[in-house]
Amino acid sequence: GTQAKAIADTLGIVHISSGDLLRDNQARGTDLGITARSYMQQGLLVPDGLIIEMIEDRIQDEDASQGYVLDGFPRTVEQAESLGEALGKRGEYIDRVASIAVGEAELVMRLGGRWICRKCQTPYHEINLPPARNGFCDDCGGDLYQREDDTSDAVSKRIKVFKDQTAPLIDYYIQEGNLVEINGEDTIEGVRSALLNAIA
Ligand code: AMP
Numbered sequence: 073g074t075q076a077k078a079i080a081d082t083l084g085i086v087h088i089s090s091g092d093l094l095r096d097n098q099a100r101g102t103d104l105g106i107t108a109r110s111y112m113q114q115g116l117l118v119p120d121g122l123i124i125e126m127i128e129d130r131i132q133d134e135d136a137s138q139g140y141v142l143d144g145f146p147r148t149v150e151q152a153e154s155l156g157e158a159l160g161k162r163g164e165y166i167d168r169v170a171s172i173a174v175g176e177a178e179l180v181m182r183l184g185g186r187w188i189c190r191k192c193q194t195p196y197h198e199i200n201l202p203p204a205r206n207g208f209c210d211d212c213g214g215d216l217y218q219r220e221d222d223t224s225d226a227v228s229k230r231i232k233v234f235k236d237q238t239a240p241l242i243d244y245y246i247q248e249g250n251l252v253e254i255n256g257e258d259t260i261e262g263v264r265s266a267l268l269n270a271i272a
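All you need for our numbering is the position in the sequence shown, starting with 1, plus 72.
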C-alpha cells in the first residue's frame, strides 16, 4: 500500500487498492461490503467473481483513463486471467507486475505495528513510519486506526493464503514476461527507488 501510493503519485496516475475498495464498501454498508467482511476478518480471500467485477468497474472510471497502479489485485490466477482478458478486449495491457519480497518475521512486525488513516487510507507504522502527531494522519489530519485483520491470527492466515493462492502468480507473470522482483526488506525510500527504476 505504501509503495503503490507513492508510485502512483510519482507517475501522476491513480492508485487502485482492492482492499481499500472493499473497506469502503464495508463502511457504506453495501451488499458487497457485508459479504466481503466475513472473509476479510478471517484473512481469507473474497470470492473471485465479486472482486473481478469490482475492479473491472473501477478501471473504467474516467480518472483511470491514463493508467493506474493496482494494489492487492490480482491475487489468484483466475483474477489475473480475467484481468488480462478484459484489458485485451480494450487493446490495453499490463506494463509491469512488481513482486515485493519480505520475509515472514518482518511482515508480522510491519502488520502488527501498522496504523491507517480512516479518511485517506495513508498507512503509518509505530516504528518505521510514525505520524508527526500520535493518532492523526500527516496528510489530511484524519484519525488513525488498526485494521481488524492485522491481528496475529488473521496475519498468519493471510500469509498461508498468500503462499497457496497468490504466490503462483509469480510464475504466471514470469511467463507473461512482465514480472519485476523487488527486495522489500530495504527502507521505504530504497524500495521506492528500486521500484521506480524497475518500471521506468
Ligand atoms: P489488503 O488491504 O490488500 O491487505 O486486503 C485485505 C483483505 O481484503 C484481504 O485479506 C482479502 O480478504 C480481501 N481482498 C483484497 N484484495 C483481494 C483480492 N484481489 N482477491 C480476494 N480478496 C481480496
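For glycine and all other residues, C-beta sits at the position ideal for the given N, C-alpha and C.
The closest heavy atom of ligand 1 lies 7 Å or more from the beta carbon of Val-174. Residue pairing by DSSP places Ala-173 opposite Asn-255 in a beta bridge. Straight-line spacing of the CA atoms in Tyr-111 and Ala-99 works out to 15 Å. The criterion of a C-beta distance shorter than 8 Å is not satisfied by Gly-207 and Arg-190.
The beta-carbon separation of Val-227 and Tyr-140, rounded to 27 Å, does not stay under the 8 Å limit for a contact.
Relative to ligand 1, the nearest heavy atom lies less than 7 Å away from the CB of Ile-123. Taking 8 Å as the upper bound for CB-CB distance, Ala-76 and Asp-143 are in contact here, some 4 Å apart. In the assembly as shown, Gly-163 is an exposed residue. Its beta-carbon has fewer than 16 other beta-carbons within 10 Å. In this structure, Thr-107 lies away from Gln-237, with their beta-carbon atoms at least 8 Å apart. Contact between the region 241 to 260 and the region 169 to 185 is established, with three or more Cβ pairs separated by less than 8 Å. Judged by beta-carbon spacing, Ala-78 lies within the 8 Å limit of Arg-264, meaning their Cβ atoms are closer than that value. Gly-160 sits exposed, since fewer than 16 C-beta atoms from the chains shown fall within 10 Å of its C-beta.
For Ile-166, there is no enclosing alpha helix (DSSP H), as DSSP marks it with neither H nor E.
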